[in-house]
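Reviewing the structure listed below.
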Amino acid sequence: MTERDTRNASKGWVPPMELDLDRAAPVPAEEETALLTGSGDPADLLPAPATPVRTTRRLGRWLFGALAALVLVALGFDTADLLARAFATSLALGVLVALLAATAGIAGVAMLVTELLSLRRLRRIEELRAEAGRLEVDAPGGRADRFAGSLVALYSDRRELAPALARVRDHVTDAHDEHEVVRLLDREVLSPLDRAAYQRVLRASRDTAVATALSPAALLDFAVVLWRNLKLVREIASLYGARPGYVGSLRLLRRMLANIAVAGVTESAHHVAVEALGGSLAAAISTRMGQGVINGLLTARVGLTAMHLCRPIAFGPDNRPSMNRIRKELLSVPKQVL
Amino acid sequence: MRIPDLNSLYDAGSRLLLESTVRVGVTGLRRAGKTVFVTALVDNLLKAGRLPFLDVMSSGRFQAARLRPQPDPDVPRFDFEGHLAALTGPDPHWPEPTRGIGQMRVSLRYRPESALKRTVQPMATLNLDLVDYPGEWLLDLPLLRQSFAEWSTQTLDLAARPPRDELSASWRGWLATIDPAASAEEETARRGAALYTDYLHACRRADTLLSLIQPGRFVEPGDMKDAPLLTFCPLQGGPRGRGSLWALMEERYEAYKTNVVRRFFAEHFSRLDRQIVLIDVLGALNAGPAGMADMKRALELSLEPFRHGSSGWLDWLFGSKIDRVLFAATKADHIAAHQHAQLRALLDRLVGDARNAIRFEGAQVETMAIAALKCTESVVTEHEGRQLRCVRGIPVGRDRPTVLFPGEIPEDAEAFPPGRDRPYNFLPFRPPDDLGRDPRGLPHIRVDQALQFLLGDYLT
Ligand SMILES: Nc1nc2c(ncn2[C@@H]2O[C@H](COP(=O)(O)OP(=O)(O)OP(=O)(O)O)[C@@H](O)[C@H]2O)c(=O)[nH]1
Ligand SMILES: [Mg+2]
Numbered sequence: 587m588t589e590r591d592t593r594n595a596s597k598g599w600v601p602p603m604e605l606d607l608d609r610a611a612p613v614p615a616e617e618e619t620a621l622l623t624g625s626g627d628p629a630d631l632l633p634a635p636a637t638p639v640r641t642t643r644r645l646g647r648w649l650f651g652a653l654a655a656l657v658l659v660a661l662g663f664d665t666a667d668l669l670a671r672a673f674a675t676s677l678a679l680g681v682l683v684a685l686l687a688a689t690a691g692i693a694g695v696a697m698l699v700t701e702l703l704s705l706r707r708l709r710r711i712e713e714l715r716a717e718a719g720r721l722e723v724d725a726p727g728g729r730a731d732r733f734a735g736s737l738v739a740l741y742s743d744r745r746e747l748a749p750a751l752a753r754v755r756d757h758v759t760d761a762h763d764e765h766e767v768v769r770l771l772d773r774e775v776l777s778p779l780d781r782a783a784y785q786r787v788l789r790a791s792r793d794t795a796v797a798t799a800l801s802p803a804a805l806l807d808f809a810v811v812l813w814r815n816l817k818l819v820r821e822i823a824s825l826y827g828a829r830p831g832y833v834g835s836l837r838l839l840r841r842m843l844a845n846i847a848v849a850g851v852t853e854s855a856h857h858v859a860v861e862a863l864g865g866s867l868a869a870a871i872s873t874r875m876g877q878g879v880i881n882g883l884l885t886a887r888v889g890l891t892a893m894h895l896c897r898p899i900a901f902g903p904d905n906r907p908s909m910n911r912i913r914k915e916l917l918s919v920p921k922q923v924l
Numbered sequence: 033m034r035i036p037d038l039n040s041l042y043d044a045g046s047r048l049l050l051e052s053t054v055r056v057g058v059t060g061l062r063r064a065g066k067t068v069f070v071t072a073l074v075d076n077l078l079k080a081g082r083l084p085f086l087d088v089m090s091s092g093r094f095q096a097a098r099l100r101p102q103p104d105p106d107v108p109r110f111d112f113e114g115h116l117a118a119l120t121g122p123d124p125h126w127p128e129p130t131r132g133i134g135q136m137r138v139s140l141r142y143r144p145e146s147a148l149k150r151t152v153q154p155m156a157t158l159n160l161d162l163v164d165y166p167g168e169w170l171l172d173l174p175l176l177r178q179s180f181a182e183w184s185t186q187t188l189d190l191a192a193r194p195p196r197d198e199l200s201a202s203w204r205g206w207l208a209t210i211d212p213a214a215s216a217e218e219e220t221a222r223r224g225a226a227l228y229t230d231y232l233h234a235c236r237r238a239d240t241l242l243s244l245i246q247p248g249r250f251v252e253p254g255d256m257k258d259a260p261l262l263t264f265c266p267l268q269g270g271p272r273g274r275g276s277l278w279a280l281m282e283e284r285y286e287a288y289k290t291n292v293v294r295r296f297f298a299e300h301f302s303r304l305d306r307q308i309v310l311i312d313v314l315g316a317l318n319a320g321p322a323g324m325a326d327m328k329r330a331l332e333l334s335l336e337p338f339r340h341g342s343s344g345w346l347d348w349l350f351g352s353k354i355d356r357v358l359f360a361a362t363k364a365d366h367i368a369a370h371q372h373a374q375l376r377a378l379l380d381r382l383v384g385d386a387r388n389a390i391r392f393e394g395a396q397v398e399t400m401a402i403a404a405l406k407c408t409e410s411v412v413t414e415h416e417g418r419q420l421r422c423v424r425g426i427p428v429g430r431d432r433p434t435v436l437f438p439g440e441i442p443e444d445a446e447a448f449p450p451g452r453d454r455p456y457n458f459l460p461f462r463p464p465d466d467l468g469r470d471p472r473g474l475p476h477i478r479v480d481q482a483l484q485f486l487l488g489d490y491l492t
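Going down the list, the sequences are from chains G and P. Read in order, the letters of the first sequence are residues 587 to 924 in the working numbering. Read in order, the letters of the second sequence are residues 33 to 492 in the working numbering.
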């Protein structure tokens, strides 16, 4: 029951009075237990975000689904066929083929399940971020504990975060409003993660810069950069609790392409080049070096965007990660390499 | 032998560099909650277990806090241990109203945030100086701007209006029998001052929380009990000739201003760096429209130095050093948590003028609803098919907890809607049991955020 409901439930004015002690329950009872035990399942705690219906996407989904089903059916027939033929040849071969088929089937299902789970985690984070945003704007009363419960549940199996979570549980009282609870979680739980994530971004962008600068062939450094970026995105996502699978990573990457502006990353590659090369020492260094710095900067952007996308509470104006340190670090790479 | 010398020299030098001092003024009318606030603040700093919104704590840079000898040896020490024992002892009770000034220093050790500072000395120290005094003395401040004639007119005017007219009846009766132009008799002066003091005491006892009690030393004399300086009272009519009763009273009034008021404020207010103004908004609501109006007037008067256009004497009094002012509505634990926003909005309206003026002078201003010592929990209960958010705590004088719906502050409308004669009933709650066993410090509401606003930039 939110505060607004309370007011609307009856326009009648209630005079100040004392009430029955035994009928009073702490506010808001069920959510507080969720917070204390960290056992809130966000799927049923949080209202599902309203998704706009898009027919084209739905058509695509139907197409994809139908094709997948066809392939599955075909595979099934083929396998059955194969089995029959193997058994006809010899029993040993039949058993072997059956075993192989079973292993493949089980592994496939297991993979599918983990992918689905990872997708759910990712979606959970997105929902959390949306909810945090809503809590920041208007505080409807009594929802912050739910939010906290969901966030705590997200990180409950992380050993290194246990002290921070315990601290939050310790600090949050019934007197904190939603804004304060969100801020507290942000400070206590997420800012250490931010620092770790930033370190990884820093390391990855140095890696790509150095690798590009030293690599003998353009194709090779393209591969290295691609691989390093993918690895970085997965690292950051796992750090914030998303642990994406393959599909999840792809989805993240797609989101990132759409969202690359979030990190304050509006400049194009050209802009980046000017920024990197226009500096005092840039003109002097070779194109390889310049290329390295550019790739490093790009990696950093990818990393920072990933941070924005994977964080359950959006960055505020004073804690958003900045490119400055990375930029400085990268501009010193040529000196180190030379 | 030389090397240790050098070392200690280095130590002294870096201490000079990194040991800074900040004087925080805790201002408030009587019963606003100054003493409890200072006690809770110091206890929380010493135990450091409940201040998540203080950046230095949450970033793990805080080392420890300790009580240190206060800077002014001639000022009595704030009885921190006594007040804490009262609040946390086996029979928890509130501290007595403060009778005199008290000072205290807490030193905070922390690791500086900037790498540069850390290379000079890995550990920095901030001395936090706090002063507590009887709230009655605060209202002496506006006297400095008033002549005896102005003050007399104003006080007489106020005393003749309800709810004070009954309380002041005997003093005003006496006034009617004397002639201010008659030659000054010490006996008459004493009699008038005694009656006037009785009236002020009656105001203080009144249950409508009357805040406007001037001069403060008449009811809380501190170390000046029975001094001749305190034998005057407002008189009717205009200035009279030399040797008259009026002249005598005026002379004493002026002497009071120079020797008591000016000294007190010069010694304790002029050197402040930060200021927190505690306001018992809920107490005023409890007292009804009359109490609210009285508090509003008292606030306006005591905040007058902050008003725009009077910066000349603001500078004289406060220096221009105060660069952050926090207005805090105290005792927020008297209402359920969801009402804090409304309390703050009400406070905003109450101090709006002063706030703009202070902003104009270039200082930062913030408002908050706080409780120095959280004595209640928010609970929900059902009443006539409606969910009510209430507070649960043990009222003073009882030993069983109760659930109280104290009335709700409306969101936009007037705090006193017409046609409802007692919309609020905030019972005083006593401190919860067993506070002494909690190693984390006294429970509070937003004292950490208050501290962050007041001291955050010193602790970087
Ligand atoms: N519930 C609750 N009551 C408080 C709190 N702070 C103060 N009070 C109440 O307010 C009363 C006055 O508090 P004090 O701290 O003594 O007030 P003061 O400003 O020092 O008053 P003077 O010394 O008379 O100027 C206390 O006796 C308590 O009843 C609080 O945080 N919560
Ligand atoms: Mg006091």
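Cβ atoms here follow ideal geometry from the backbone N, Cα and C, with glycine treated the same way. What you are looking at is a predicted structure, and each value in this text was computed from that prediction instead of being measured.
Check each candidate in Ala298(P), Leu140(P), Phe448(P) and Glu168(P) and name the one with the smallest Cα separation from methionine 155(P).
-> Leu140(P)
Is there contact between the region 274-283 of chain P and the region 240-256 of chain P, where contact requires at least three CB pairs shorter than 8 Å?
-> no
How would you label aspartate 380(P), buried or exposed, when you count the other beta carbons within 10 angstroms and need 16 or more for buried?
-> exposed
Determine whether the Cβ of methionine 603(G) lies closer than 9 Å to any Cβ atom of chain P.
-> yes
In terms of residues, what are the limits of the alpha helix (DSSP H) holding tyrosine 142(P)?
-> Element bounds for tyrosine 142(P): not the alpha helix (DSSP H) but the beta strand (DSSP E), 134-142.
Close-in-space but distant-in-sequence residues of the same chain around glutamine 481(P) (CB under 6 Å, 5 per side omitted) = Phe85
Starting from the beta carbon of valine 558(G), find every residue of chain P whose beta carbon is closer than 9 Å, and list them in chain order.
-> Here chain G comprises residues numbered 587 to 924, so residue 558(G) is not present and cannot be evaluated.
Buried versus exposed call for serine 202(P) [16 or more other C-beta atoms within 10 Å across all chains shown] | exposed
Of all the options Val309(P), Ala213(P) and Arg237(P), which has the alpha carbon lying nearest to the alpha carbon of isoleucine 354(P)?
-> Val309(P)
beta-carbon threonine 130(P) near ligand 2 non-hydrogen atom, thresh 8 Å = yes
Going by DSSP, name the residue or residues bridged to methionine 603(G).
-> Phe437(P)
Helix, strand or coil at glutamine 102(P) [DSSP, three-state] | coil
Measure the alpha-carbon distance for leucine 158(P) versus aspartate 75(P) and round it to whole angstroms.
-> 16 Å
Starting from leucine 806(G), trace the alpha helix (DSSP H) both ways and give me its first and last residue.
-> 804-825
Using a Cβ cut-off of 8 Å, which residues of the region 412-439 of chain P contact any Cβ in chain G, in chain order?
-> Val412, Thr413, Glu414, His415, Glu416, Gly417, Arg418, Gln419, Leu420, Arg421, Cys422, Arg424, Arg432, Pro433, Thr434, Val435, Leu436, Phe437, Pro438 and Gly439
Starting from aspartate 380(P) and walking both ways along the beta strand (DSSP E), at which residues does that stretch end?
-> Per DSSP, aspartate 380(P) belongs to no beta strand (DSSP E); it is in the alpha helix (DSSP H), 372-392.
Count the other C-beta atoms from every protein chain shown that fall within 10 angstroms of the C-beta of serine 215(P), then say buried if there are 16 or more, exposed otherwise.
-> exposed
Alpha-carbon spacing of arginine 647(G) relative to alanine 654(G), whole angstroms | 10 Å
Just curious, the alpha helix (DSSP H) that phenylalanine 448(P) is in, first and last residue?
-> That residue, phenylalanine 448(P), is in no alpha helix (DSSP H); it is neither H nor E in DSSP.
Would you call the region 357-367 of chain P and the region 464-482 of chain P touching, i.e. three or more CB-CB distances under 8 Å?
-> yes
Residue from Phe112(P), His300(P), Thr187(P) and Pro105(P) whose Cα sits closest to the Cα of leucine 78(P) | Phe112(P)
Mark tyrosine 832(G) as exposed unless 16 or more other C-beta atoms lie within 10 angstroms of its C-beta, in which case mark it buried.
-> exposed
Between which two residues does the beta strand (DSSP E) carrying cysteine 422(P) extend?
-> 418-425
Is glutamate 409(P) near ligand 1, in the sense that its beta carbon is under 8 Å from a heavy atom of that ligand?
-> no
Among Tyr165(P), Val313(P) and Phe458(P), nearest to arginine 376(P) - alpha-carbon criterion | Val313(P)
Cα separation between threonine 399(P) and leucine 486(P)?
-> 12 Å
How about isoleucine 477(P): is its C-beta nearer than 9 Å to some C-beta of chain C?
-> Reference to chain C is not applicable here, since the protein chains of this structure are G and P.
From the beta carbon of aspartate 606(G), is the nearest beta carbon of chain P less than 9 Å away?
-> yes
Under 9 Å between C-beta atoms, does threonine 98(P) make it to chain G?
-> Threonine is not the amino acid found at residue 98(P); the sequence shown has arginine there. No, because no Cβ of chain G sits closer than 9 Å to the Cβ of arginine 98(P).
Which one of Leu656(G), Ser908(G), Ala761(G) and Phe733(G) has the shortest CA to CA distance from glutamine 785(G)?
-> Ser908(G)
Whole beta strand (DSSP E) elements within the region 229-311 of chain P, 3-residue minimum | 306-311
Rounded to whole angstroms, what's the CA-CA distance from arginine 837(G) to arginine 706(G)? Just pull it up for me.
-> 12 Å
Beta bridge counterpart(s) of threonine 399(P) as assigned by DSSP | Phe359(P)
Does proline 471(P) get closer than 9 Å to chain G when you measure Cβ to Cβ?
-> no
Start-to-end residues for the beta strand (DSSP E) that takes in alanine 156(P) = 156-164
Can you tell me whether DSSP reads valine 70(P) as helix, strand or coil?
-> helix
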